[in-house]
Every structure is written in C-alpha cells, then in structure tokens.
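Chains as they are written, first to last, in this note's numbering: chain A, 220 to 383; chain U, 220 to 383; chain E, 220 to 383. For every residue, glycine included, the Cβ atom is placed at its ideal position computed from N, Cα and C.
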Amino acid sequence: MTHSQHQDIRFLLDRIDIQDVIARYSLGQDSHQGEDGNILEQWDKTFSLDAQVDYSAAGGTVGSYRELARWMRGDANTPGSMGAFSHWQHMLGLPNVSITGDTASARTDFYATHRSRNGDAPPVHFNAAGAFVDELIRTGDGWRIRHRRLVLYFADPLQIAVQV
Amino acid sequence: MTHSQHQDIRFLLDRIDIQDVIARYSLGQDSHQGEDGNILEQWDKTFSLDAQVDYSAAGGTVGSYRELARWMRGDANTPGSMGAFSHWQHMLGLPNVSITGDTASARTDFYATHRSRNGDAPPVHFNAAGAFVDELIRTGDGWRIRHRRLVLYFADPLQIAVQV
Amino acid sequence: MTHSQHQDIRFLLDRIDIQDVIARYSLGQDSHQGEDGNILEQWDKTFSLDAQVDYSAAGGTVGSYRELARWMRGDANTPGSMGAFSHWQHMLGLPNVSITGDTASARTDFYATHRSRNGDAPPVHFNAAGAFVDELIRTGDGWRIRHRRLVLYFADPLQIAVQV
Numbered sequence: 220m221t222h223s224q225h226q227d228i229r230f231l232l233d234r235i236d237i238q239d240v241i242a243r244y245s246l247g248q249d250s251h252q253g254e255d256g257n258i259l260e261q262w263d264k265t266f267s268l269d270a271q272v273d274y275s276a277a278g279g280t281v282g283s284y285r286e287l288a289r290w291m292r293g294d295a296n297t298p299g300s301m302g303a304f305s306h307w308q309h310m311l312g313l314p315n316v317s318i319t320g321d322t323a324s325a326r327t328d329f330y331a332t333h334r335s336r337n338g339d340a341p342p343v344h345f346n347a348a349g350a351f352v353d354e355l356i357r358t359g360d361g362w363r364i365r366h367r368r369l370v371l372y373f374a375d376p377l378q379i380a381v382q383v
Numbered sequence: 220m221t222h223s224q225h226q227d228i229r230f231l232l233d234r235i236d237i238q239d240v241i242a243r244y245s246l247g248q249d250s251h252q253g254e255d256g257n258i259l260e261q262w263d264k265t266f267s268l269d270a271q272v273d274y275s276a277a278g279g280t281v282g283s284y285r286e287l288a289r290w291m292r293g294d295a296n297t298p299g300s301m302g303a304f305s306h307w308q309h310m311l312g313l314p315n316v317s318i319t320g321d322t323a324s325a326r327t328d329f330y331a332t333h334r335s336r337n338g339d340a341p342p343v344h345f346n347a348a349g350a351f352v353d354e355l356i357r358t359g360d361g362w363r364i365r366h367r368r369l370v371l372y373f374a375d376p377l378q379i380a381v382q383v
Numbered sequence: 220m221t222h223s224q225h226q227d228i229r230f231l232l233d234r235i236d237i238q239d240v241i242a243r244y245s246l247g248q249d250s251h252q253g254e255d256g257n258i259l260e261q262w263d264k265t266f267s268l269d270a271q272v273d274y275s276a277a278g279g280t281v282g283s284y285r286e287l288a289r290w291m292r293g294d295a296n297t298p299g300s301m302g303a304f305s306h307w308q309h310m311l312g313l314p315n316v317s318i319t320g321d322t323a324s325a326r327t328d329f330y331a332t333h334r335s336r337n338g339d340a341p342p343v344h345f346n347a348a349g350a351f352v353d354e355l356i357r358t359g360d361g362w363r364i365r366h367r368r369l370v371l372y373f374a375d376p377l378q379i380a381v382q383v
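This is the structure:
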C-alpha cells in the first residue's frame, strides 16, 4: 500500500469520525427530552475536556461545554433554559469539513425545533435556523470538538393551527 | 494490504451503504407524492424481506414493511393515511451508526413535513419531528433494515399565513 | 493493493467529494445572508463553468448558474428575488448518489426556510420543501454539478405567533 493510499484511508476515516462527533451532539440533545437531562452521556464523548463554546448569539453560554449543559438543562437548584419546552429536535445538514493534520474545522447547518410547554398560552413551535462553527482536535479517543460557536440566522415561534 | 487496512475499507463501505439504505427510505416516500403510491420501488431495496416495523408511536403499523406501505398509501379498496395530504417530505439528519460484524444499529433524526389537501378547512403544514431507530443486516444485496421503530418527539399542524 | 481495493478507495473518495460539492451550494447561500450577496465565492467551486440549472418549478432561472445567482441576489441595477427575505437557510438531507465513471447523478432533499423582511405586513417563515436533482462531472478540481433541476414539493408562508 502506497503512502498516498494510506493517507486516503486516513482521510476517509477522519471524515466519518468527525461527522459522527457532530451527530453525537444532537443525539445527546434529542435522546434526552423533557425531564431527562442526561445529555453528558453523549457530550462527554463529543467535546474535549477543555472545550469552550460560544452560544452568545442565542443569549447563551460563553464557557465550557458543561456550563452549556447546565444552562440548557439546569441543575438541582435551577431550571435550565430548555425548561420552556417539552420536546425538541436538532436536525443537522451536511457538514462542511476541512482537515489539517490533527485539527479540523467544520460548519454544519442546524434546524432546531421546539414545542413549548402547555401553559396558559397556546403551545407554539419555536424554530431556530443556524449553524455550528466548530474547531476539532484528534485525540486518543477520536475526534472531539474543542470550540463551538453558534451562528443564528433567525428564530421565531410558529403558530399551531386550531383544529375545528 | 494489511488486515487492518482491509477492515478499514470494509468499515467505510459499510457506513456509506448503511447511509444509502436509510436515505432510500425517504427517497421512496418523497419521489412518489400525491396519487403516485409506488414506494415499494425503493422500499423493496430498503428493507429485508422479513423486516418488521413499529410505527405505533404515530398510530401506525406494527407489522411488515409492506403492511406499513399499505397503511400509508392504501390499496385498491382503501385509501391510505397519507391521503390526508397532497405533498410531503421526509428530511433526514446525520445517522448515528454502530456496526457489529454483519449487523448494525442506527438512529437517524427525521423531520417530516406534510401539506394538507385543500378541502373545506384552510391547508396547514403538518410537521412531525422524530427519529428512526433501526436494526440492519448485511445481505447478499447490501445492507437492509430488518427492524425499524419510529420515535415521535412531537407533531402539530402549523398555520399558513393569509396573504393580503 | 488489488485493483478492487483501489476502486473501493476511489469510490469512497468520490462519494465524500460529491457530498461536499452538494453541501457547498448551501454554504454559499447560508454564509452570505442579507446584504452580503457573494455566493459565487462558493458556487464557482460548486458548478462546472458550463453548468445549466432549471429552477422553473420555483419560477426561477433556466440558464447558467451565474444567471441563477443574479436572479437570487440581483446586481448593481436590480434587486434579487431573495430581497424579499432578511435571512434564510437551505437544509440538506442525505444525498442519493449514483456514480458511473466520470459522471454521477444525485438527488438530495432540501428544506429551505426564509424569514420575510419586516415591512408593513407581519413577518412570516416562508418554508419550501423540495429536492435538487443533479448531474455531476469529475473535473481536474474535483466533482462539479453540471446540471441542477429544482423539484418543488410545496412552499407556503407560515404564521409567526404573536407573543403576549
């Protein structure tokens, strides 16, 4: 096997692994809905230990990924920002990825939809379109996100039709 | 070529093929809209012959994939459940895949949107967010889904704005 | 390395490259929002020089990809059709791809969402579901789209809920 062929296989494995890490973020969000807040089950294998995030565009965390988890899901003392919703989904588009040795960058469109909790007001779908802009690093356990910046295109509550 | 490199190529081919099988399900739905009910053109190459599905979360089929097709699209005697809509789309996110020899499991977010038929009521977009949880098997014709369970996060009709 | 293994690696690299080209189209749209109309930064690496598009299903361009860019984004003299919106996103599903030597075909579902500009009327989300049907060609710079036909399933303005 030539050096070039070895590099081709390395590139292909890297691309699949990077896609999997990006997908694991959403799996963390979406396989833990409502009262189940255990997103770290996936996120501890998504982010590097020292990973930083910038969700300021959505009024959210600038800090570690565990602070992001706490902001979203709350802790024993404080409800999280996701508490405004009962269910959600974080759809991902096709990532744009660039690899340079043991680091990589990626930009992936997301379409996040949320159903508001039943309360006094009629429920809505809160739909947010944006992109995750990531820097990744190769670790002994595979690729991990070490910096994620959320870009927000737009977000609004959409009205649910009254069925007659 | 080392054993390891052979395995790497096998893994990569498997991953692409599994993604293609999952994509083919939506192609079956979305390339046959309205009165065109021929989704088996794709689904016969998507599911194994003995595949079982569980769409109970959406009030649908627990049974074979051909029973699922009949429930959705109807037959000569009975209209299908999709008859409430004129058009639809089954968007897929990035699959989370795990392969063990000749079997695999996958979980893929879907965002299914539907436009209700023009009738007495104003049309709506019926939008459903969920996930396909699949068990797959390697066959002589490639990977096939042999069990699919539909997970539903939420689904509601969204109101179309009146243009003035 | 056997001929077959060489072909496997070629196939895998082709599939990733074709996915990247399809993703680059949306990156062109979505990384240039509002007044930033420079989508050719990505599209010149997405389409072949002689590429033709057929967006007639959306009332759009039948012609070159640069004419499509002008129709959407306008030029010094004329506003583009995207001027009706302030922000947008072009989500992509999993592509269905078939490669034959140096040509390929692909069909990829898209879910395009747009926020209308604030004007006299309340803003809406204009959501369009459809598919890109592509013919691609292998060039010295990688795969490029040489023909794209837009298929439209449905498109409507969705009402934003009034928050009280």
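Listed along chain A is no residue with a C-beta nearer than 8 angstroms to that of residue 291(U); the closest approach is about 21 angstroms.
Under a 10 Å Cβ-count criterion, residue 334(E) is classified as buried, with 16 or more other Cβ atoms of the shown protein chains found around its own Cβ. Counting only the Cα atoms, residue 266(E) lies some 17 angstroms from residue 318(E).
Membership of residue 246(A) in the alpha helix (DSSP H) is indicated by the continuous run 222-249.
With its beta carbon at least 8 angstroms from every one in chain E, residue 276(A) lies outside the interface.
Close to chain E, meaning a Cβ-Cβ distance shorter than 9 angstroms, is no residue of the region 278-309 of chain A at all. Listed as beta-bridge partners of residue 379(E) by DSSP are 377(A). For the region 232-252 of chain E, the set of residues with a beta-carbon nearer than 8 angstroms to any beta-carbon of chain A comprises 232, 235, 238, 239, 241, 242, 243, 245, 246, 249, 250, 252, in chain order. In the displayed model, residue 330(E) falls within a strand according to three-state DSSP. Legend: CB atoms of the region 321-344 of chain A lying less than 8 angstroms from CB atoms of chain U belong to residues 330, 332, 334, 342, 344. If you check the CB distance, residue 358(E) and residue 344(E) do not come in under 8 angstroms. Across the structure, residue 255(E) and residue 366(A) are spaced so that their CA atoms are roughly 26 angstroms apart. Annotated as proximal: residue 237(U) and residue 316(U), with beta-carbon spacing under 8 angstroms. Residue pairing by DSSP places residue 368(U) opposite 273(U), 352(U) in a beta bridge.
Leaving aside the five residues that flank residue 230(A) on each side, the residues in its chain whose CB is nearer than 8 angstroms to its CB run, in chain order, 318. Spatial neighbours of residue 280(U) in its own chain (CB-CB distance under 7 angstroms, excluding positions within 5 residues in sequence) are listed in chain order as 272, 274, 286, 287, 290. Annotation: Cβ neighbours of residue 377(E) in chain A (cutoff 8 angstroms, chain order): 377, 378.
The criterion of a C-beta distance shorter than 8 angstroms is satisfied by residue 292(U) and residue 258(U).
Look at the region 297-344 of chain E and you find these whole runs of beta strand (DSSP E), each 3 residues long or longer: 304-311, 315-319, 322-335.
Where residue 254(U) is concerned, there is no enclosing alpha helix (DSSP H), because DSSP gives it neither an H nor an E. DSSP places residue 288(E) in the helix class (H, G or I) of the three-state scheme. Using a CB distance cut-off of 8 angstroms, residue 373(E) counts as an interface residue toward chain U. Relative to residue 338(U), the option among 304(U), 239(U), 350(U) whose CA is nearest is 304(U).
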